[in-house]
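Engineer: If you count the sequence shown from 1, you need to add 260 to reach the numbering used here.
A virtual CB, placed ideally from N, CA and C, is assigned to each residue, including glycine.
I'd like to ask you about the structure that follows.
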Amino acid sequence: MLSKSDYLRYLQCKKCLWLYKHRKDLKPEVSESQQAIFDQGYEVENYARELLPKGVE
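Right, here's the structure in full:
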């Protein structure tokens with residue numbers, strides 16, 4: 261199954277999606293600042309789920 265992120269990656273570059281799915285060893289490491297952005301996104305997602313428990317994932 262493709263996620264929304266996978267689909268957007270596919271639209272950007274078909275080869276990028278293939279590499280992301282099949283060659284994760286080639287993926288660059290995540291910097292501390294990127295990780296902080298990801299963590300903040302997860303916090304927002306969890307907060308939204310608390311506010312809207314019957315929402316669709």
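(1) Would you kindly work out how many angstroms separate the C-alpha atoms of L268 and M261, rounded to a whole number?
(2) Quick check: is any heavy atom of the ligand MN less than 8 Å from the C-beta of K314?
(3) What residues in its chain sit with their C-beta under 6 Å from that of E289, if we drop five residues either side in the sequence?
(4) Can you give me the start and stop residues for the alpha helix (DSSP H) that S293 sits inside?
(5) Between A296 and Y302, what straight-line distance do the alpha-carbon atoms span, to the nearest angstrom?
Structural biologist: Quick answer:
(1) Position 8 of the sequence shown, counted from the first residue, corresponds to residue 268. Position 1 of the sequence shown, counted from the first residue, corresponds to residue 261. C-alpha separation (whole angstroms): 14 Å.
(2) In terms of ligand content, the structure shown is empty, and the ligand MN therefore cannot be addressed.
(3) Locating residue 289 in the sequence shown gives position 29, where the first residue counts as 1. Excluding positions up to five away in sequence, the list is empty.
(4) Within the sequence shown, residue 293 is the residue found at index 33, counting from 1. E292 to L311 is the span of the alpha helix (DSSP H), which, as asked, contains S293.
(5) In the sequence shown, counting from the first residue as 1, residue 296 sits at position 36. In the sequence shown, counting from the first residue as 1, residue 302 sits at position 42. Distance between the alpha carbons of A296 and Y302: 10 Å.
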